[in-house]
């Protein structure tokens with residue numbers, strides 16, 4: 001029985017979207033000019049870029065993660081090249097591709113570590129050794145590079161590799177019934193399927209999704225085949241890999257957060273293409289669990305450093321938060337895919353939350369420093385102390401990491417950020433995110449231009465100029481953000497009240513060149529409370545304005561931030577063009593205790609009124625190292 | 001130059017003190033009737049009691065910790081025997097002693113593990129292998145058993161062992177310059193010195209104290225001698241053992257909390273005997289750091305499970321608190337020793353805090369269950385989840401542990417608890433703690449009897465009947481607890497206002513039989529705040545009444561305790577004879593949020609008024625497993 005594809009929206013490709021906004025365009029520019037070149041230098045320094053040229057006995061032996069870091073860097077470079085052709089950058093990529101071509105095995109196999117270091121062991125440890133994960137990233141990079149440059153070499157290399165993988169893994173008797181220990185290839189195979197139309201790639205993605213968690217457990221079987229005892233592995237608890245049970249039986253997000261996001265994104269991709277509703281239902285259940293019980297207000301996920309993973313419902317500690325940059329990026333990927341299947345603002349809300357908060361926290365404003373972890377409270381003494389016991393992240397951003405997944409992940413996301421803003425289907429145009437700039441959208445039989453004029457996320461007003469080549473009737477769907485209580489819409493100066501369904505206002509009319517939609521999204525400073533089950537946030541509030549979550553930094557507010565008590569009234573937002581690249585700050589009144597006692601004291605300490613200033617969480621740690629806190633006590 | 005001993009007070013031995021109070025006497029009785037016998041059964045079951053009879057090839061091979069657990073059990077049994085002669089119990093001890101005697105080596109060496117399992121390796125790894133620690137506990141046990149029964153065999157065995165150790169370790173050329181990786185023997189040697197008058201024992205204790213932390217580092221030298229790389233050891237950071245620098249240079253309490261307490265108690269003992277003021281100064285500085293910056297309100301110490309150790313100033317997380325039972329007991333030992341040198345209520349205050357809170361939390365009311373860790377907040381989901389990652393303790397008390405230091409430590413403390421209550425010097429009598437009962441105190445040329453009539457710690461009034469054999473003039477020093485704001489004193493019904501110095505009211509008069517001192521210690525329910533540096537307690541208060549710290553339990557208050565907000569007024573204490581063995585409860589008003597939102601919600605949730613009931617922290621977890629919290633939000 002042929003199932004009907006479930007995807008109902010398509011993204012407008014980033015190549016058709018230009019951005020001139022306050023928030024993204026400087027970041028994308030920095031990404032282009034600083035991050036992508038700096039990451040090239042890092043990958044060169046570590047030996048990652050030359051991994052395929054490595055010879056036994058030489059230093060910098062290729063590591064099992066390396067191909068994926070290089071792949072993400074190439075993917076970022078490719079997106080950049082699509083918009084800004086650049087011979088020198090292209091040559092850098094081609095050099096790597098040529099080296100790959102030389103070592104690719106006759107059967108198509110391609111992995112720098114395994115080919116050059118331990119060829120006899122390929123495909124013997126899917127659980128721990130990242131082969132399929134690296135393959136997936138290389139596929140994504142190859143598809144992006146082909147699309148950007150029209151050059152087929154890398155793409156063909158990766159199709160050969162994909163064909164090899166499709167021969168190696170599958171349900172047939174002479175095939176391995178394995179699946180990746182670190183997901184990624186599922187969504188990459190769907191990209192290859194879309195680029196080539198070859199159904200075998202989609203079938204393989206579906207096979208990997210469906211096989212996961214089945215009994216007898218493949219990870220046990222391959223361990224035994226290697227002569228290893230499966231019981232030695234974390235008590236054979238495969239939650240880490242979301243392989244504890246078949247995916248359709250998974251109701252709660254478990255295990256390693258990045259693996260989970262890539263899996264769920266891959267599941268959404270497969271469901272979207274194959275029309276598998278049981279798989280889509282699993283995605284929806286997991287979405288509800290992640291975003292309803294296991295997500296930080298910043299869009300971060302993964303509550304603990306132990307296993308970089310989800311813990312349990314409402315367990316969202318602030319200082320101990322892992323909230324890996326890659327996991328928030330993965331959440332954006334998943335949300336974006338869900339949005340294409342279920343055009344519902346709930347997905348775009350979460351995507352926006354992660355994009356304006358946890359994701360940009362992962363990179364410094366100068367584009368050269370990165371956080372792996374994005375906790376919601378930081379105390380430098382604690383960071384220093386607990387680092388010694390490997391229980392805390394970095395006090396300041398770093399230029400690179402031993403396992404450097406996050407930096408190139410940011411680079412590829414920023415370089416293709418335009419892709420997340422608009423959507424289309426048949427003759428409809430959709431706006432998911434607000435950002436000044438322009439998009440050319442093919443709908444029906446013509447290309448229309450949408451131009452956003454807005455100071456979003458700092459300003460409340462968004463003007464959308466609609467310019468069809470010729471007058472045409474089509475619906476324009478504008479997202480009304482979940483954080484907004486009272487949106488107002490005008491068309492050509494006249495108030496309209498179109499139906500709002502699932503978070504989108506849908507204006508259907510005959511549009512002609514020069515039509516002007518004016519959307520006002522009031523952005524009062526709001527205090528957000530967390531569910532009572534969130535132990536860390538009892539008695540505390542987070543400041544949010546529009547999609548932006550704020551934090552207090554020591555630079556503005558002194559030490560002992562956790563002891564500040566916020567007055568609920570008198571909070572004011574003000575745009576400061578000179579601070580942190582230009583941000584709205586939030587100022588207000590608070591008090592702190594005047595403490596004269598020792599460690600403990602009976603009775604109530606006196607209080608001193610103080611002024612506080614909050615800055616966007618996205619921009620924290622761009623000044624000196626110091627305390628930071630998102631959740632603040634509030635006077636009751 | 002002979003230095004003058006610094007000890008100014010002596011404790012009144014527990015054998016001269018009887019207790020009939022509400023708090024201790026039932027616990028001591030349970031300790032006698034349930035705990036000591038149950039621990040015998042456990043030590044028998046594990047093979048610990050028969051370690052000295054073990055033969056190679058048999059199961060239950062002696063472990064390096066075992067001698068210490070058995071020693072503490074014997075010590076507890078000895079204290080019990082001193083008050084309640086019991087042939088059968090004595091025989092149990094004698095059996096162990098006879099077995100020890102048989103294996104003791106000709107040179108005096110005695111350690112079940114090393115003699116029977118790896119005799120070639122004795123004294124080769126002081127850092128990790130607990131030989132001197134076990135020796136110390138055996139010495140304490142031997143001294144107690146000799147004192148209780150008059151039998152010398154065990155005592156002589158241990159003197160021979162001590163002599164062997166004194167020959168082996170020391171400053172001479174043919175001696176090892178080592179010192180214990182786990183302190184304990186220092187204070188034990190001082191006990192042996194006091195029991196025998198042999199100065200070599202005191203000298204050895206002093207040597208161990210003085211040698212600690214010197215360079216070149218003994219732990220490095222012995223590692224090299226074993227062929228091990230010192231650098232493999234936790235980055236050669238010997239803070240764990242308080243061996244990072246000589247003890248006189250130590251200003252902050254670092255490393256493993258139990259090791260630290262035993263060291264500091266030993267330092268106080270050595271300083272008290274030798275008159276070494278530089279050592280005493282180090283003790284005072286460390287005391288200030290521990291009790292002023294690194295101690296829980298329950299008297300618990302050790303903020304983290306990682307290394308069971310101190311972290312940094314004001315870092316006192318509640319759920320993650322380690323607060324090992326043994327560490328609080330060690331704090332009692334140290335406080336008690338400091339009190340003899342500096343008769344100052346600040347030491348008795350901390351001793352009392354630990355004794356009424358963290359210590360009794362370590363054992364169930366039925367005397368058969370034990371906590372190793374005593375966190376100040378518990379959420380069963382978190383305990384369950386993080387246990388999997390070895391990041392949390394037990395959700396309920398256990399009968400025994402693999403390394404079972406805490407249960408027999410409680411047993412020996414409870415069995416000798418009378419020793420902590422009274423003090424004396426020359427012709428003075430001191431009362432440190434209040435508890436109904438009677439003490440016979442030798443002062444000057446006669447024995448006086450002090451009898452306390454009191455419902456302490458639940459009731460405010462303490463009547464002390466003073467009965468000298470014949471009328472005599474002497475000072476009676478009564479502690480005015482640090483928690484008490486307005487103590488009132490009467491003698492024979494008339495108000496007196498004696499001078500209060502360093503926490504003690506000193507009544508000097510001619511006492512005659514039947515004199516009656518009436519001390520009123522008002523015990524309002526008080527809300528305690530923590531220093532603003534204590535991140536976990538910002539916005540929160542702890543309920544304290546008299547010396548007793550309270551907590552909320554799920555059994556009385558439902559779930560999500562962290563979200564309850566306490567009203568500051570209307571708190572009431574009431575004695576409930578049927579609850580938890582008879583306790584004062586504290587009831588009051590609070591509110592909790594009526595939550596209708598999802599994970600995050602803007603605006604303020606409605607509040608519902610609720611009644612709360614707090615019970616002593618000492619008695620928590622004696623009903624069903626559930627949430628517990630000491631620090632409660634309070635309305636501002």
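Chains as they are written, first to last, in our numbering: chain C, 1 to 636; chain Y, 1 to 636.
No residue lacks a Cβ here, since even glycine has one placed at the ideal position from N, Cα and C.
- Counted as a single uninterrupted DSSP element, the stretch harbouring residue 515 of chain Y is not any alpha helix (DSSP H) but the beta strand (DSSP E) occupying residues 515 to 520.
- Counting along the chain, the unbroken alpha helix (DSSP H) around residue 202 of chain Y starts and ends at 199 to 211.
- Taken in chain order, the members of the region 528 to 551 of chain Y whose beta-carbon sits within less than 8 Å of a beta-carbon on chain C are 528, 529, 530, 531, 532, 533, 534, 535, 538, 539, 540, 542 and 544.
- For the options Y:592, Y:44, Y:458 and Y:521, the alpha carbon positioned closest to that of residue 577 of chain Y is the one of Y:458.
- Taking a Cβ-Cβ threshold of 7 Å, the residues of chain Y close to residue 633 of chain C are 538 and 539, in chain order.
- By the rule that beta-carbons nearer than 8 Å mark a contact, residue 526 of chain Y touches chain C.
- Contact between the region 163 to 182 of chain C and the region 104 to 116 of chain C is present, with at least three C-beta pairs closer than 8 Å.
- DSSP assignment within the region 371 to 424 of chain C yields the following whole alpha helix (DSSP H) runs of 4 residues or more, N-terminal first: 380 to 388 and 406 to 415.
- Residue 545 of chain C and residue 584 of chain C do touch by the CB rule: their CB atoms are close to 7 Å apart, below 8 Å.
- For the pair of segments examined, the region 146 to 160 of chain C was found not to touch the region 222 to 230 of chain C: the number of CB pairs separated by less than 8 Å stays below three.
- DSSP places residue 301 of chain C outside any alpha helix (DSSP H), giving it a letter other than H or E.
- Between residue 12 of chain C and residue 432 of chain C, the alpha-carbon positions lie close to 11 Å from each other.
- For the region 111 to 193 of chain Y, the continuous alpha helix (DSSP H) assignments of 4+ residues that do not extend past its boundaries occur at 112 to 116, 131 to 149 and 153 to 168, in sequence order.
- Comparing alpha carbon positions, the residue from Y:520, Y:75 and Y:116 closest to residue 146 of chain Y is Y:75.
- Setting aside the 5 residues that flank it on each side, residue 335 of chain C is surrounded in the same chain by 347, 350 and 351, each with a C-beta closer than 6 Å to its C-beta; the list follows chain order.
- One thing to note: residue 309 of chain C has its Cβ within 8 Å of the Cβ of residue 240 of chain C.
- Secondary structure at residue 23 of chain C: coil, using DSSP grouped into helix, strand and coil.
- Flagged as an interface residue toward chain Y: residue 293 of chain C, by a C-beta distance shorter than 8 Å.
- The Cβ atoms of residue 89 of chain Y and residue 80 of chain Y lie closer than 8 Å to each other.
- Here residue 484 of chain C carries a coil assignment [DSSP, helix/strand/coil].
- Below the 9 Å Cβ cutoff, chain C contributes 381, 382, 384 and 385 as neighbours of residue 312 of chain Y, in chain order.
- Counting every other CB atom within 10 Å of its CB across the protein chains shown gives residue 186 of chain C a total of 16 or more, marking it as buried.
- Shown in chain order are the members of the region 594 to 617 of chain Y whose Cβ falls below 9 Å from a Cβ of chain C: 595, 597, 598, 599, 600, 601, 602, 603, 604, 605 and 607.
- When only Cα atoms are considered, residue 258 of chain C and residue 524 of chain C end up about 33 Å apart.
- Burial is judged here by how many other beta carbons sit within 10 angstroms of a residue's own beta carbon; residue 60 of chain Y has fewer than 16 and is exposed.
- Among the CB atoms of chain Y, none fall inside 8 Å of the CB of residue 359 of chain C.
- Using a Cβ-Cβ cut-off of 7 Å, residue 636 of chain Y is close to 565, 635 and 636 of chain C, given in chain order.
- For residue 435 of chain C, there is no enclosing beta strand (DSSP E), as DSSP gives it neither H nor E.
- When rounded, the separation of the alpha-carbon atoms in residue 55 of chain Y and residue 36 of chain Y is 27 Å.
- Taking 8 Å as the upper bound for CB-CB distance, residue 530 of chain C and residue 599 of chain Y are in contact here, some 7 Å apart.
- Closer than 7 Å at the C-beta level to chain Y, one finds no residue of the region 116 to 131 of chain C.
- Using beta-carbon distances, residue 156 of chain C does not count as an interface residue toward chain Y, since no partner is under 8 Å.
- Close CB contacts of residue 100 of chain Y within its chain, under the 7 Å cut and outside five residues either way in sequence, are with 52, 110 and 157 (chain order).
- Between the C-alpha atoms of residue 264 of chain C and residue 382 of chain Y there is a straight-line separation of about 26 Å.
- With a threshold of 8 Å between beta carbons, residue 315 of chain Y makes contact with chain C.
- Following the DSSP letters along the chain, one finds residue 37 of chain C in no beta strand (DSSP E) but inside the alpha helix (DSSP H) bounded by residues 36 to 46.
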